[in-house]
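When we follow the working numbering, the leftmost residue of the sequence shown carries the number 57, and every step to the right adds one.
For glycine and all other residues, C-beta sits at the position ideal for the given N, C-alpha and C.
None of these values were measured; they are calculated from a predicted model.
Below is one structure, written out as structure tokens, with a few remarks after it.
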Amino acid sequence: MLRLVFGLPWRQTEGLLNSILTLMELRIRSPDHTTLSRRSRGLDVAIPSRPAGESLHVILDATGLKVFGRGEWAAAKHGAGPKGPGWRKFHLAVDDQGNILAANLTESEIADAAAAPELIDAVGGDIDRITADGGYDRVEVYEAVSRAGAKVVIPPRKDAVLSLGPILAERNEHIEHRKRVGKRQWRVDTGHHQQARVENTFHRYKRTFGRGLRARTEDGQLVEVLAGCRILNRMFEIGKPESVATRA
């Protein structure tokens, strides 16, 4: 957590821990930076689930995070490969306030829709509605939404046609609705503009922790993003203003 918040390499993190222990007048030393790095990969970091009975509006999206050195490593090992940094895809589920409910990392080739069912299952709690962009307009996403017993707001593709079956019934309604009123009014009517909540969360993550992953192993990278999500949720909890409606 300290390493992520202050943006430190492991060696400087070791020094910071030793300084804190000295200020606390504790006669112990921090583990060395190599031990900190090795043990961090096996940490069990989880995003706390919401309590049962709390109705959730879940918003899904994904972005890319750089993995520096992956392209050069592949080129050296196999004789060919992409130049520059590699990428991993960072998937998020947030609520309509911007709190992070679930997160995952996949390879960059994995489609957003393919990762959505696992992300929805990880949210837990009582999901009332799921909002996502057009990249999630796939059958597997609607099946996951149906299992969660939720409503869905996903813009159908431009060439979308009506489909048979109860799973896609709500999608059919969105297709007909958008044909009647146009895309802009459909967004207003359905509240799809709340998709911006997850985009704002990605912006906060990258401004706080950077656009790349520091860890070099896949396990370490997952621990890194989950720890970052917990930090953002805590910052959001502490800094969120309490608004109270007043009469004029």
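A distance below 8 Å separates the beta carbons of residue 123 and residue 268.
For residue 297, the number of other beta carbons within 10 angstroms of its own is below 16, and it is reported as exposed.
Beta-bridge analysis with DSSP links residue 183 to 112.
Selection 174, 202, 117 and 236 evaluated against residue 222 yields 202 as nearest (Cα-Cα). Annotation for residue 233: no beta strand (DSSP E) segment contains it, though the alpha helix (DSSP H) segment containing it runs 225–237. Exposure of residue 232 is indicated by the presence of fewer than 16 other C-beta atoms within 10 angstroms of its C-beta. DSSP, read as helix, strand or coil, puts residue 74 in helix. Counting along the chain, no alpha helix (DSSP H) covers residue 300, and no H or E run does either. Looking from the CA of residue 174, the closest CA among 196, 83 and 163 belongs to 196.
When DSSP assignments are scanned along the region 246–299, the uninterrupted stretches of alpha helix (DSSP H) that are 4 or more residues long and fall wholly within it turn out to be 252–265 and 274–295. Residue state for residue 117 is assigned as strand, using DSSP reduced to three classes. Under the DSSP assignment, residue 62 falls outside any beta strand (DSSP E), being part of the alpha helix (DSSP H) whose first and last residues are 58–62.
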